[in-house]
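Structure first, commentary second.
In this note's numbering, the protein residues as written are 52 to 118.
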C-alpha cells in the first residue's frame, strides 16, 4: 500500500477498535433481541418456504399433466 493507503487503513482500524470498545458493554444487550428475531425468522421462513414449495410442486404437476 501507499503511505496514504496505510494511513487510511490504520485510521479505519482505530475507528473500528474504538467502536468495539464503546459497544462491548452493550453487546449482550444488543445480541439477545437479534438472536430472538433470527430464530423467529428461521421458524417463519421455514414455514413459508414449505408453503411455497408445496404450491410450486402442485403447479409444476399440473403443467406436466397438461403437456
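No residue lacks a Cβ here, since even glycine has one placed at the ideal position from N, Cα and C.
Beta-carbon contacts of residue i that lie in its chain and below 8 Å, excluding the five residues immediately before and after
i, result
"residue 52", "60"
"residue 84", "none"
Helix, strand or coil at residue i according to DSSP, with G and I counted as helix
i, result
"residue 52", "coil"
Close-in-space but distant-in-sequence residues of the same chain around residue i (CB under 6 Å, 5 per side omitted)
i, result
"residue 63", "none"
"residue 88", "none"
- [ ] Tell me the start and end of each unbroken beta strand (DSSP E) in the segment 59 to 102 that is at least 3 residues and wholly inside, in chain order.
- [x] none
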